[in-house]
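Enquirer: Chains as they are written, first to last, in my numbering: chain Z, 99 to 199; chain B, 18 to 124; chain L, 896 to 1005; chain D, 6 to 124. The C-beta atom is built at its ideal place from N, Cα and C for all residues, glycine as well.
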Amino acid sequence: MSAFLTGVALFLVLNVAAGLLRVVRGPTQADRMVAAQLFGTSGVAILVLLAEAGGEAALRDTALVFAILAVVVSVAFVKRGWVRKLQSAPVEDPAEGGEGP
Amino acid sequence: MTSLDLYTVAGALIFALGLHAVLVRGHLFWKVLAINVMGTGIFLVLLAAPARSTPGVADPVPQAMVLTGIVVAVAATALALGVALRVTARTGAPFLPDPDDDREGGG
Amino acid sequence: MTLPPDFAGGWMVSLLDLAVAVLLVALAARLLHTRNLFEAIVLFIAYGLTLSLAWVQVGAPNIALAEAALGAGVTGALFLNTFQRLAERSREGSGMVDPEHGDRGPEAGP
Amino acid sequence: MTLPPDLAGGWLVSLLDLGTGILVGVGAFFFLAGTVGLLRFPDLYCRLHALTKADTLGLGFITAGLVLQLPGWNAGLQLLLIWVLALSAAATVCHLLASASLQAGIRPVEGADEEGEGP
Chain Z
99 MSAFLTGVAL FLVLNVAAGL LRVVRGPTQA DRMVAAQLFG TSGVAILVLL AEAGGEAALR
159 DTALVFAILA VVVSVAFVKR GWVRKLQSAP VEDPAEGGEG P
Chain B
18 MTSLDLYTVA GALIFALGLH AVLVRGHLFW KVLAINVMGT GIFLVLLAAP ARSTPGVADP
78 VPQAMVLTGI VVAVAATALA LGVALRVTAR TGAPFLPDPD DDREGGG
Chain L
896 MTLPPDFAGG WMVSLLDLAV AVLLVALAAR LLHTRNLFEA IVLFIAYGLT LSLAWVQVGA
956 PNIALAEAAL GAGVTGALFL NTFQRLAERS REGSGMVDPE HGDRGPEAGP
Chain D
6 MTLPPDLAGG WLVSLLDLGT GILVGVGAFF FLAGTVGLLR FPDLYCRLHA LTKADTLGLG
66 FITAGLVLQL PGWNAGLQLL LIWVLALSAA ATVCHLLASA SLQAGIRPVE GADEEGEGP
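The structure is reproduced here in structure tokens:
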């Protein structure tokens, strides 16, 4: 059973590696951010499987952190990292202008 | 060749890749990224090599060093990104100013 | 790849280690040599999460916890924040640099 | 669930192993479907749909399969908490990215309904 669970974890790692192709080719920035969510969910699954296969209960705590992480990164992206297209959104946000001389 | 040897070799490769990128890339943000990657390569060697000598038993001293190193790397990254933003604000581009010309970017 | 007989988990674990190590090196090579800054940032976040998996395999789950929270989460948010500041700066400024394609061109070298 | 020693190793354990194998296999299939959708769908919104729904369902199957292997109810409760957290995380991320993309002017791909995919 342990070898089977580790094999499924290996399959999920290869799955994530295939999904990272979308980061390389994604046309928009949001397409690239989707891959972070992919890694969050798959990472939770991999860690839970490894926790059961190796008998290490501490890995489930790491899985909890993985689950929160995609939210943190995506919220940071939406709040701070979004660059509007110049032609489609001509209105600049005056509250967030670049400060400094 | 065990798995821990594999991670040691991967850490050395990652360190070499990061060092190459620090030297080659001119963009300041890639320099910060590359310094981060270099540090993680060192962490990988530092954790995988002592775990190989005593299999099954984790050595707590390298783990404490790596844990401290992660926190320090985050703080240093924040500082470096702030400095890079100031360089961009001064010179108009996220590159180090050329020391040969003193037309712009002087203090 | 021959494993010592006392190595728990057998050959499947070593295959998993091989996949994680190859993915780490490939991610590092791609994120350090791409021309797109945003792609490099997202790949760095993915690199941090893969490194966390590597530390689980090395036998340090506490460091995997810290790496996932600090190395991937906080550092990724820092890079995203700086990316937006840089994009604002170059859009309102002289336009010397395109934030999507960071290098200035062939004359960027020394 | 701790089995009494006369039952351990009997037919119940092998039945639980079989259930774990089936559930984890189905979960891995849903992860594969999510990745195929991420790579093949034409649009950001379709990709978000495929990724968040299919992967979260796959994670639910995998945790349900692993609960059958656990010795006590403590760790099972933790696995349930992990799944609920991943569920809310996927919903939040999908909503945030989709609404931000709409506001930024990325239009969904038109014409998918004319091909007879929609109801």
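#1: For residue 153 of chain Z, go through chain D and note every residue whose CB falls closer than 7 Å to its CB, in chain order.
#2: Along the chain, where does the alpha helix (DSSP H) that runs through residue 79 of chain B open and close?
#3: From what residue to what residue does the alpha helix (DSSP H) around residue 37 of chain B run?
#4: Should residue 65 of chain D be labelled buried (16 or more other beta-carbon atoms within 10 Å of its own) or exposed?
#5: Smallest Cα separation from residue 53 of chain B: which of L:965, L:912 and L:959?
#6: Which bits of chain B does residue 939 of chain L rub up against, with CB to CB less than 9 Å?
#7: Determine which residues share a DSSP beta bridge with residue 112 of chain B and list them.
#8: Determine the extent of the alpha helix (DSSP H) in which residue 38 of chain D is found, giving its start and end residues.
#9: With respect to the alpha helix (DSSP H) encompassing residue 956 of chain L, which residues constitute its N-terminal and C-terminal limits?
#10: For residue 151 of chain Z, which residues of its own chain have a beta-carbon under 6 Å away from its beta-carbon, when the five flanking residues on both sides are left out?
#11: Along chain D, which residues have their Cβ under 7 Å away from the Cβ of residue 102 of chain Z?
#12: Just the chain Z side, please: which residues come within less than 7 Å of residue 910 of chain L by C-beta, in chain order?
#13: Within a Cβ cutoff of 6 Å, which residues of the same chain sit near residue 67 of chain B, ignoring the five residues on either side of it in sequence?
#14: Would you mind telling me which residues of chain Z sit closer than 9 Å to residue 81 of chain D, beta carbon to beta carbon, in chain order?
#15: For residue 89 of chain D, which option in Z:146, Z:175 and Z:165 has the closest C-alpha, if you only look at C-alpha atoms?
#16: Taking any Cβ of chain Z, which residues in the region 92–116 of chain D have a Cβ under 7 Å from it, in chain order?
#17: Going along chain Z, which residues have a C-beta under 8 Å from residue 927 of chain L?
#18: How would you write the range of the alpha helix (DSSP H) that residue 157 of chain D sits in, first residue to last?
#19: For the region 21–55 of chain D, enumerate the residues whose C-beta is nearer than 8 Å to any C-beta of chain Z, in chain order.
#20: For the region 961–977 of chain L, which residues have a CB atom closer than 9 Å to at least one CB atom of chain B, in sequence order?
#21: Just how far apart, CA to CA, sit residue 91 of chain D and residue 71 of chain D?
#22: Which word fits residue 47 of chain B, buried or exposed, when buried means at least 16 other C-beta atoms lie within 10 angstroms of its C-beta?
#23: Can you name the start and end residues of the alpha helix (DSSP H) that residue 150 of chain Z belongs to?
#24: Which residues of chain L have a Cβ atom closer than 8 Å to the Cβ of residue 133 of chain Z, listed in chain order?
#25: Considering only C-alpha positions, which residue in the set D:110, D:96 and D:106 is nearest to residue 138 of chain Z?
#26: Going by Cα to Cα distance, which pick from D:99, D:102, D:73 and D:84 is closest to residue 23 of chain D?
Expert: Let's see:
#1: Chain D residues near residue 153 of chain Z: none, gap ~10 Å exceeds 7 Å.
#2: In the DSSP assignment, residue 79 of chain B falls within the alpha helix (DSSP H) that extends over 77–108.
#3: Its alpha helix (DSSP H) spans residues 20–41.
#4: With 16 or more Cβ atoms within 10 Å of its Cβ, residue 65 of chain D is classed as buried.
#5: The residue among L:965, L:912 and L:959 with its C-alpha nearest the C-alpha of residue 53 of chain B is L:965.
#6: Neighbours of residue 939 of chain L on chain B, chain order: 50, 53 and 54.
#7: According to DSSP, residue 112 of chain B bridges with B:44.
#8: Element bounds for residue 38 of chain D: 16–45.
#9: Looking at the DSSP string, the run of the alpha helix (DSSP H) that includes residue 956 of chain L is 956–961.
#10: Correct list, in chain order: 100, 103 and 104.
#11: Near residue 102 of chain Z (Cβ distances below 7 Å), the residues of chain D are 26.
#12: Result: 108.
#13: Its chain contains 76 and 79 as the residues whose beta carbon lies nearer than 6 Å to that of residue 67 of chain B, once the 5 sequence neighbours on both sides are disregarded; these appear in chain order.
#14: One finds nothing in chain Z with a Cβ atom closer than 9 Å to the Cβ of residue 81 of chain D; even the nearest lies about 11 Å away.
#15: The residue among Z:146, Z:175 and Z:165 with its C-alpha nearest the C-alpha of residue 89 of chain D is Z:165.
#16: Residues passing the 7 Å Cβ filter: 94, 95, 97, 98, 101, 102, 105, 106, 109, 110 and 111.
#17: The CB of residue 927 of chain L never comes closer than 8 Å to any CB in chain Z; the least such distance is about 14 Å.
#18: There is no way to answer for residue 157 of chain D, as the model of chain D reaches only from 6 to 124.
#19: For the region 21–55 of chain D, which is checked against every Cβ of chain Z, the residues closer than 8 Å are 22, 25, 26, 29, 30, 32, 33, 36, 37, 39, 40, 43, 44, 49, 52 and 53.
#20: Cβ contacts with chain B come from 961, 962, 965, 966, 969, 970, 973, 974, 976 and 977.
#21: Taking the straight line from one Cα to the other gives about 16 Å.
#22: With 16 or more neighbouring CB atoms inside 10 Å of its own CB, residue 47 of chain B falls in the buried class.
#23: According to the DSSP assignment, residue 150 of chain Z belongs to the alpha helix (DSSP H) that extends over 127–152.
#24: Chain order gives the chain L residues near residue 133 of chain Z as 937 and 941, where near means a beta carbon separation below 8 Å.
#25: Checked all of D:110, D:96 and D:106; the closest Cα to residue 138 of chain Z is D:96.
#26: When only C-alpha atoms are compared, the closest one is D:73.
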